[in-house]
């Protein structure tokens, strides 16, 4: 037994320190941006992700889509379509057009709108690369859908902020160039 130990221990140590070139080093639980945008299924998924930001705003329940509650407050509480209980002060403020800086509704909607714009811009940028397997008809379809989603969210930002919101026509990758100034209403309409 002692002799076997002296043989097996060096063999196991040698097996552990030698590397294996056949290992698959791609993580199985995540997909990188560089490896994702290749096939038609990838672009379909990315386009549907752009549409999911719309669903976050216009969903029928706040249980699965919390942005709906914020959209409901801004869109309906400021109109005559619904009324509120006088004890709900945040709703009462909305019905009287009193918006407080501490309220998170605008922030939540801003993030949802620009998430949709970012996702659409990402699809458009990846369509322009030549490293995908799409046919020209598929490229045309996904480009049209991404432009529609981006246009829809730009329309929302125009209506919510009077056209004076940041206009993003591409994705930002450099952290030193992440700040974007507000656009003019004319620039938003032209986009």
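Residue numbers (full-length UniProt numbering): 1 to 191. C-beta: ideal position from N, C-alpha, C; glycine also.
Below 8 Å, how does it come out for the segment 116-130 and the segment 158-169: are there three or more Cβ pairs, yes or no? yes
Cβ atoms of residue 115 and residue 53: under 8 Å apart, would you say? yes
Which stretch, first to last residue, makes up the alpha helix (DSSP H) that contains residue 42? 40-58
Could you tell me which of 143, 152, 164 sits nearest to residue 181, measuring between CA atoms? 164
Relative to the alpha-carbon of residue 133, which residue among 10, 37, 12, 8 has its alpha-carbon at the smallest distance? 37
To which residues does DSSP link residue 166 through a beta bridge? 182
Nearest-angstrom Cα distance between residue 125 and residue 184? 24 Å
Could you tell me the distance, in whole angstroms, from the CA atom of residue 75 to the CA atom of residue 138? 36 Å
Suppose the cutoff is 6 Å on Cβ atoms and the five residues either side in sequence are ignored; what does the same chain contact list for residue 49 look like? 119
Helix or strand or just coil, what does DSSP make of residue 177? helix
Residue 201 versus residue 99 - alpha carbon distance: The requested residue 201 is not part of the displayed model; the chain covers only 1 to 191.
Residue 120 - DSSP class collapsed to helix/strand/coil: helix
DSSP three-state assignment for residue 130, whether helix, strand or coil: coil
Here's the rule: buried if 16 or more other CB atoms are within 10 angstroms of the residue's CB, otherwise exposed. What is residue 175? exposed
Close beta carbons around residue 253, own chain, < 6 Å, minus the five adjacent residues each side: This structure does not reach residue 253, given that the chain is present from 1 up to 191, and the question cannot be answered.
Is residue 172 helix, strand or coil by DSSP? coil
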